[in-house]
Structure formats: C-alpha cells, structure tokens
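Chemist: I'd like to ask some things about the structure below.
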Amino acid sequence: MQGSEVVNVLKSLLTNLDEVKKERESLENDLKSVNFDMTSKFLTSLAQDGVINEEGLSVTELDRIYGGLTTKVQESLKKQEGILKNIQVSHQEFSKMKQSNNEANLREEVLKNLATAYDNFVELVANLKEGTKFYNELTEILVRFQNKCSDIVFARKTERDELLK
C-alpha cells in the first residue's frame, strides 16, 4: 500500500496544497504591505476640478492597487478547489483500497494481537514486581520470627540445663 499509485497521488496533492498555502501567505504579506493613502488623490482632484468624485477615484485606485492581487487570490481559490476535489477522489479510492486489502486487515489483526500481548506483559511485570516485594517483606518478617523462636528455644534449653543441675 505504501508505494501504490493512490498513495503517491495523495502525497503529491498534499504537497500541492502546501504550495498553495505558501502562496496564500505570500499574498497575505503582499496585501498587508500595500500602502493605501487616498488623501493625495483627493486633494489633487479637488485642486484640478474643484470637486471630489470619491466613488470614482476610490474604485479606480482600488482596482489599480488591489486588481492584480484580487486576480491572484481568485486563481489561488480555483487551484485550491481543484486540489480539494482531487484529494477527495483520491481519498475515496484509498479508503476502498484499504478496506479491500487483505494484507492490511491481517496487519491490523496482528497489531491488535501485539497490543494485547504488550498490555498483558506490562500487567505481568507489575504483578511480578508486587509479588517480589511481598515475598521480600515476608522473608524479613520470617527471619525475625525465626530469630525470636531461636532465642526462646535457647532460653528454654538454658533453663532446662540449670534445672537439671
């Protein structure tokens, strides 16, 4: 599945999408860097004609400054829509291929079994640690108990020996 045509197409489409994203960032920077000051245009118009045609001047100036950028944005949108449609088609093909691929199903089953085995292993290791701790503590308790018993036996033997004398 890794080297299949659908996967390669999806990868190339995602690369194209990254390129569109970079183009968008560049367009955004271009839009932010535009210096739009109509004051001088209005003052020039007022000085020449004695009247300011705000709408006409604004539309003309906006077209001059933002016209090329608007075209680039619309081209970018069309390119994005085309890429998105191709991605959707390729993804559907990929999903169908993935569902029908027996090797993938087997792989999924093996991975599930491995995950279950790992969980069981972790549980067993935890149980072993707990059991080891328990028996180490029990050993200490039993050694102390054995020492006390030995002391009692020794005391009784000593008492017996003194009583027999």
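Residue 315 is where the sequence shown starts when you use the numbering used here, and the numbers rise one by one after that. Glycine included, each C-beta is placed from N, C-alpha and C at the ideal position. Predicted model only: the values in this text are computed from it and were never measured.
Report the rounded CA-to-CA distance for Ile-466 versus Phe-448, giving the unit in angstroms.
Modeler: Counted from its first residue, the sequence shown places residue 466 at position 152. Counted from its first residue, the sequence shown places residue 448 at position 134. Going from the Cα of Ile-466 to the Cα of Phe-448 covers about 27 Å.
Chemist: Along the alpha helix (DSSP H) that carries Met-411, what are the first and last residues, could you check?
Modeler: Position 97 of the sequence shown, counted from the first residue, corresponds to residue 411. Its alpha helix (DSSP H) spans residues 368-414.
Chemist: Which stretch, first to last residue, makes up the alpha helix (DSSP H) that contains Phe-356?
Modeler: Against the sequence shown, residue 356 aligns to sequence position 42. Residues 353-363.
Chemist: Would you call the CB atoms of Gln-394 and Val-334 closer than 9 Å?
Modeler: Within the sequence shown, the letter at position 80 stands for residue 394. Within the sequence shown, the letter at position 20 stands for residue 334. Yes, the Cβ-Cβ distance between Gln-394 and Val-334 is below 9 Å.
Chemist: Nearest to Glu-319 by alpha carbon, out of Asn-367, Val-348, Ser-404, Ile-379?
Modeler: As a working note, residue 319 is residue 5 in the sequence shown. Comparing Cα positions, the closest option is Ser-404.
Chemist: Would DSSP call Ser-347 helix, strand or coil?
Modeler: Here residue 347 corresponds to residue number 33 of the sequence shown, with the count starting at 1. Three-state result, Ser-347: helix.
Chemist: By the 10 Å Cβ neighbour count, where 16 or more other Cβ atoms means buried, how is Leu-376 classified, buried or exposed?
Modeler: Taking the sequence shown and counting its residues from 1, one reaches residue 376 at position 62. Taking all protein chains in view, the Cβ of Leu-376 is surrounded by fewer than 16 other Cβ atoms within 10 Å, so the residue is classified as exposed.
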